Every structure is written in C-alpha cells, then in structure tokens.
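Residue numbers (the working numbering): 1 to 140.
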Amino acid sequence: MEARKPEIRDQPKKEPKVSRTHAPADLSPLDWQRGLRRQFGREQAFGIENLTSEPFFSEFRVSNPVSKSSYRVAIRGLGPGGNFCSCPDYATSELGTCKHIEFTLARLEKKRGAKTAFARGYQPAFSELYLRNDGKRCVH
Numbered sequence: 001m002e003a004r005k006p007e008i009r010d011q012p013k014k015e016p017k018v019s020r021t022h023a024p025a026d027l028s029p030l031d032w033q034r035g036l037r038r039q040f041g042r043e044q045a046f047g048i049e050n051l052t053s054e055p056f057f058s059e060f061r062v063s064n065p066v067s068k069s070s071y072r073v074a075i076r077g078l079g080p081g082g083n084f085c086s087c088p089d090y091a092t093s094e095l096g097t098c099k100h101i102e103f104t105l106a107r108l109e110k111k112r113g114a115k116t117a118f119a120r121g122y123q124p125a126f127s128e129l130y131l132r133n134d135g136k137r138c139v140h
C-alpha cells in the first residue's frame with residue numbers, strides 16, 4: 001500500500017512588516033505611510049457596527065474600546081481615495097486612508113462574497129458628489 005502524500009495548499013501570503021522609523025527603499029513616502037496605517041489598522045481590536053443594510057459598500061461605526069472614541073467610516077472600494085473616515089488623521093493626512101478604514105476593509109475582506117463584491121465595485125443607487133482624497137483632494 002502506497003502512502004498518500006499530504007495535500008499542499010497555498011497559504012495566504014503575509015504582508016511584510018513595515019518599519020515605523022525607516023522608509024523601505026522600494027516604497028514612496030506616500031505608500032510607506034499608507035502601509036503603516038494598513039498594518040496598524042489590521043492589528044487593532046476595534047469594534048465595528050454596520051449602519052446600513054448593505055454588507056460591503058456601507059457606512060460603519062468603528063469604535064476603540066480603550067479610548068472610548070468612535071468614528072464613521074464609509075467604504076466604497078479597496079483602494080485609497082474613495083473611502084471616508086471622520087477621524088482627524090483622515091482629515092489631515094491626504095493619504096486617502098487611516099487605521100479605521102484599513103481595519104474595516106480587513107474585516108470585510110474576510111466575509112463571504114467580498115472578493116466578488118469588491119471586483120464588481122461600488123454601484124450607488126443614486127448619484128453622489130464626494131471629495132476624493134488620495135494625495136490630492138478633488139471633487140468627483
């Protein structure tokens with residue numbers, strides 16, 4: 001009887017840690033700062049509450065149990081710029097993301113149907129005017 005070889009599955013690739021003190025040579029300063037927020041946001045133990053009936057492209061309340069603060073996060077896609085957060089970092093950094101957005105995206109990406117929903121993209125039921133914030137603020 002021949003022994004069966006164990007099935008080898010592809011493990012999800014872990015993103016390399018981004019240094020808080022030294023910018024990686026292969027990243028622009030903008031991408032470095034976005035990477036730091038992505039990394040920090042995904043490590044947090046925030047609370048999250050969906051404020052609408054939409055599962056992915058929705059508004060959420062993200063709360064920090066330590067500081068007792070909460071912020072409103074609107075998700076419109078995976079990339080920077082289209083999403084929104086009411087926190088001071090988002091308002092001033094012009095990065096188009098923050099730890100609250102990155103935390104929310106990390107949670108949403110684990111949900112069933114996320115890959116399909118994000119590939120399809122945000123399809124608003126009505127037209128909207130919003131400020132796109134990804135390095136340069138402009139109205140869309």
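Cβ coordinates follow ideal geometry from the N, Cα and C atoms, glycine included. From a predicted model like this one, the values you see are computed outputs, not experimental measurements.
Report the rounded CA-to-CA distance for PRO80 versus ASP31, giving the unit in angstroms.
Within the sequence shown, the letter at position 80 stands for residue 80. Within the sequence shown, the letter at position 31 stands for residue 31. C-alpha separation (whole angstroms): 10 Å.
Going by DSSP in three states, GLY47 sits in which element: helix, strand or coil?
In the sequence shown, the residue the question calls residue 47 occupies position 47. Of the three classes helix, strand and coil, the one that applies to GLY47 here is strand, per DSSP.
Along the chain, where does the beta strand (DSSP E) containing TYR71 start, and where does it finish?
In the sequence shown, residue 71 corresponds to position 71, counting from 1. Counting along the chain, the beta strand (DSSP E) containing TYR71 begins and ends at 69-74.
Residue range of the unbroken alpha helix (DSSP H) whose run includes GLU109:
On the sequence shown, residue 109 is found 109 positions in, with the first residue counted as 1. Run containing GLU109: 99-109, per the alpha helix (DSSP H) assignment.
Which of the three DSSP states, helix, strand or coil, is assigned to PRO80?
The count along the sequence shown starts at 1 and reaches residue 80 at position 80. Coil, per DSSP.
Unbroken alpha helix (DSSP H) run spanning ARG37, endpoints:
As a first step, residue 37 must be located in the sequence shown, where it is residue number 37. Note, ARG37: alpha helix (DSSP H), 29-42.
Go through its chain and collect everything with a Cβ distance to ASN50's Cβ below 7 Å, but skip five positions before and after it.
As a working note, residue 50 is residue 50 in the sequence shown. Once the five neighbours on either side are set aside, the close Cβ partners of ASN50 are SER58 and PHE60.
Status (buried if at least 16 other CB within 10 Å, exposed otherwise) for LYS99
Translated into the one-based positions of the sequence shown, residue 99 becomes position 99. So LYS99 counts as buried.
Would you call the segment 18-38 in contact with the segment 61-75, where contact means no fewer than 3 C-beta pairs closer than 8 Å?
no
Can you give the beta carbon distance from PHE103 to GLY41, rounded, assuming they're within the 8 Å contact cut?
Here residue 103 corresponds to residue number 103 of the sequence shown, with the count starting at 1. Here residue 41 corresponds to residue number 41 of the sequence shown, with the count starting at 1. With 8 Å as the limit, PHE103 and GLY41 qualify as a contact, their Cβ atoms being about 4 Å apart.
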